[in-house]
Structures are given as C-alpha cells and as structure tokens.
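In the working numbering, the protein residues as written are 652 to 932. The beta-carbon is built from N, C-alpha and C at its ideal position, and this holds for glycine as well.
Written as structure tokens, this is what we have:
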C-alpha cells in the first residue's frame, strides 16, 4: 500500500493486491509448516497440529484459490502484469523451498554461504520485500525501478537471518518454538558458519544429531548443538552479517525511493523496513 502511494497512486488502488499477497502468505506458510513439520507459529500451534495434515493442506489449497479469485477481479491498468508477478513470486518461493527440503532429505550439510543466500533469496526475500514493493508500483500504474530487486533481496536476507538468530535466542519474544530450526535441521546461515569451524569429531556429532528425525532428537542433543553454536560464536557472526545486508538494502532503498518525491511516505516505509530487518520478535 505504501509503495503505491510512494509511486504516486492511492493506497486504495492497491488494496486488493495487498489482499492477494496476504492470502498468498497464509496458504504458503500453512504448506510450509506441514513440509517442515513445525509445531508452532506466532506463539500458537500450527494449523496442521490443530486440525491434522489433510485438512490443513485443504485450507491452504482453498486460500490459494481465493488468492487467484481476488487477482482475477482486479480492475487496474497493469492487472495482467500484477498477475504475472504473482506467478513469478510463487515460482521463486517454491524454488527456495525445494532447495532447503532437498538438503534436509539428502542429509546434505556441504553447503556454503552462496548456497544459503540463493535459497533464502528465493524462499523469503522475494515475497517478503521485493514483491510488495514491485506490486505497489504496478498498482500505481508505474514501471518498478529494477534496483528494487537488489534492495529487496538484501533486506529479505537480513530479515531471514534475524529470524534464524531469534529462533535460537532464549530471551526472544519470538512466537515460534525455541530451537525449532535445530529440531527441523534447517540449513540456516548459523549452521553453515558452524560447520565451517568445528573439528572433525564435532562435525560428526552434529551430523548424527541433526540428521535424526525430529521426534527422535532429545533435549540433551539439541543442548549440545546449542553449546557448539555458543562455542564458535556463530550467532553473533550471523547477526553481524544480517546487519551488513540490512544497511546495504536500506541505503539503496533511500536512493531508489527519494527520487519519487513522496518524502513522508518514504520515511514511513523506511521505518517499517528497519523494523523488519532489525526486529526483536
């Protein structure tokens, strides 16, 4: 909505586009929680834990249909372009999810920072930051600045790394299961950095634990992984990397949006993006 206003449109023109984006986020996260076998989201049990996998999948499918229903009824000059961008966004998100699920299925920890960044850019950054900004421009009947992709990827990466750090921070008001990423063996930047620094024996122990099924992992085993993370200080290293990405993304955001001539809206957007990248919960 703010991106539409920044590009000279009225926020109401983008309302149904925003509804479509919210429906997308809901159905994709319902499916994501099932695929990841997650127990909690936003401080509550995940939908499939409350009603079962089959019903939760069906809810996700229904929300997917409602998303396209909203988008097919758009009466905007660039409605076709908006629908095409939704297709690309879904494609990118599925690519990122496929990478992560494949690493887990194949018990593959031989990944580097570039592999992680390729995954998280697709899985998180596009739908979290890139496309809200692009879709807002299109709703205002403007052609988006291509630099939005670069700034959105930087900010989306910062958001995801911060999310990963919060998941392993005991005192965070996070809304998800503490250390859930370790129970799910998610390939986070934290683990990527950890595996680059541990000894061979520690690597063997970590793989033995992380490659177990979620239900077979004990608290003591997760505590061991947490101890290794603390030993090598990889939480702080990852947070520092996130802050570098956030700073780069915010700087480029200012360059791209200040020329649009809507300083009050741009300031509001900048504040929201900062809270996204530096969030505490």
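- Look at the beta carbons and you see the stretch 670-690 touching the stretch 707-723: at least three pairs across the two are nearer than 8 Å.
- Residue 752 sits away from residue 667, with the two beta carbons spaced by 9 Å or more.
- Its chain contains 827, 828 as the residues whose beta carbon lies nearer than 6 Å to that of residue 691, once the 5 sequence neighbours on both sides are disregarded; these appear in chain order.
- Between the alpha carbons of residue 900 and residue 872 lies a distance of about 37 Å.
- Sequence-distant Cβ neighbours of residue 777 in its own chain, meaning closer than 6 Å and more than five residues away, are 740, 743.
- Residue 816 holds the alpha-carbon nearest to the alpha-carbon of residue 839 among 822, 851, 848, 816.
- For residue 931 and residue 653, the gap between their C-alpha atoms comes out near 23 Å.
- Proximity to residue 760 across 790, 887, 854, 914 peaks at 854, based on C-alpha coordinates.
- In terms of CA proximity to residue 852, 879 leads the group 841, 866, 879.
- For secondary structure counted as the alpha helix (DSSP H) over 4 or more consecutive residues, the stretch 791-835 holds these complete runs in sequence order: 798-818, 831-834.
- In the DSSP assignment, residue 700 falls within the alpha helix (DSSP H) that extends over 698-702.
- The DSSP assignment places complete alpha helix (DSSP H) segments of no fewer than 4 residues inside the stretch 720-790 at 730-756, 764-771, 782-790, in order along the chain.
- In the displayed model, residue 695 falls within a strand according to three-state DSSP.
- If you ignore the 5 residues before and after residue 905, its C-beta comes within less than 8 Å of the C-beta of 917, 921, all in its own chain and listed in chain order.
- If you draw a straight line from the Cα of residue 877 to the Cα of residue 915, it is about 44 Å long.
- Per the Cβ contact rule, the stretch 697-713 is not in contact with the stretch 769-789 (fewer than 3 Cβ pairs under 8 Å).
- Residues 812, 813, 816 of the same chain have their beta carbon placed closer than 8 Å to that of residue 890, with the five preceding and five following residues left out of the count.
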